[in-house]
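Residue numbers (full-length UniProt numbering): 1 to 203. In this text, a Cβ means the ideal position worked out from N, Cα and C, and glycines have one as well. Scroll down for the structure; my scribbles are underneath it.
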């Protein structure tokens, strides 16, 4: 069996460390050590820890951003309910897997601020899915499948906010279990459609 390429080993190590110790404590030095390479080698593939984090999100977690981009580029494909259900499903999985990675940032305000500034420079950050879903809903609005007066930004925030909440809020319940993702996504999509669809038969 051939050894994995260095870039793949770095991504694997970064993903594992970010999950186990959190983004704040997963240093590039520790990531390089876990990947079996030098820190200098890591920087041949990734410009910064933030760049590495973005690549972990893009290549190791559910593909939320590409899904939103492809739907916004071709509005009118499939049904609105089916598309929103798929978005909610991918978003719920994305937040479930990314929350343990990024949660440690929120304990250190200055570090979080520096990290978010770097992500914005890279064109990424936690605000992007909301913007991308808003863009998709506006594209559907332009062709008449979303009601003309609907607040697409609020709708995007509601759907993705619910998916983000699912990542941690339900751990505190007596059962300590998250709602099953498929049922959760379908219910979110149906409920959101009640407020934004242009007509009952347009979904």
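Residue environment, residue i, which counts as buried when at least 16 other CB atoms sit within 10 Å
{"i": "residue 54", "result": "buried"}
{"i": "residue 88", "result": "buried"}
{"i": "residue 145", "result": "buried"}
{"i": "residue 99", "result": "exposed"}
{"i": "residue 154", "result": "exposed"}
{"i": "residue 140", "result": "buried"}
{"i": "residue 108", "result": "exposed"}
{"i": "residue 95", "result": "buried"}
{"i": "residue 189", "result": "buried"}
Same chain only: Cβ atoms within 6 Å of residue i, ignoring 5 sequence neighbours per side
{"i": "residue 178", "result": "166 and 170"}
{"i": "residue 150", "result": "196"}
{"i": "residue 164", "result": "95"}
Where the alpha helix (DSSP H) through residue i begins and ends
{"i": "residue 163", "result": "152 to 166"}
{"i": "residue 28", "result": "28 to 35"}
{"i": "residue 79", "result": "Residue 79 -> no alpha helix (DSSP H), and no H or E assigned at all."}
{"i": "residue 63", "result": "Here residue 63 belongs to no alpha helix (DSSP H), and DSSP marks it neither H nor E."}
{"i": "residue 118", "result": "109 to 121"}
Secondary structure of residue i, DSSP reduced to three states
{"i": "residue 48", "result": "coil"}
{"i": "residue 197", "result": "strand"}
{"i": "residue 98", "result": "helix"}
{"i": "residue 23", "result": "coil"}
{"i": "residue 178", "result": "coil"}
{"i": "residue 184", "result": "helix"}
{"i": "residue 129", "result": "helix"}
{"i": "residue 38", "result": "coil"}
{"i": "residue 74", "result": "coil"}
{"i": "residue 104", "result": "helix"}
Neighbourhood of residue i by C-beta distance below 7 Å, restricted to the same chain and skipping five residues each side
{"i": "residue 203", "result": "With a pLDDT of 45 at residue 203, under the threshold of 50, the modelled position of this residue cannot be trusted; read the value that follows with caution. Excluding sequence neighbours, residue 203 sits near 79, 80, 81, 193 and 197."}
{"i": "residue 156", "result": "130, 133, 134 and 137"}
{"i": "residue 14", "result": "26, 31, 52 and 56"}
DSSP bridge partner residues for residue i (one or two, in chain order)
{"i": "residue 146", "result": "197"}
Cutoff 8 Å; reference residue i; Cβ partners in own chain excluding five residues on either side
{"i": "residue 11", "result": "52, 55, 56, 59 and 60"}
{"i": "residue 148", "result": "141 and 198"}
Residue i at chain D interface by Cβ criterion, 8 Å
{"i": "residue 11", "result": "The question asks about chain D, but that chain is absent: this structure has only one protein chain."}
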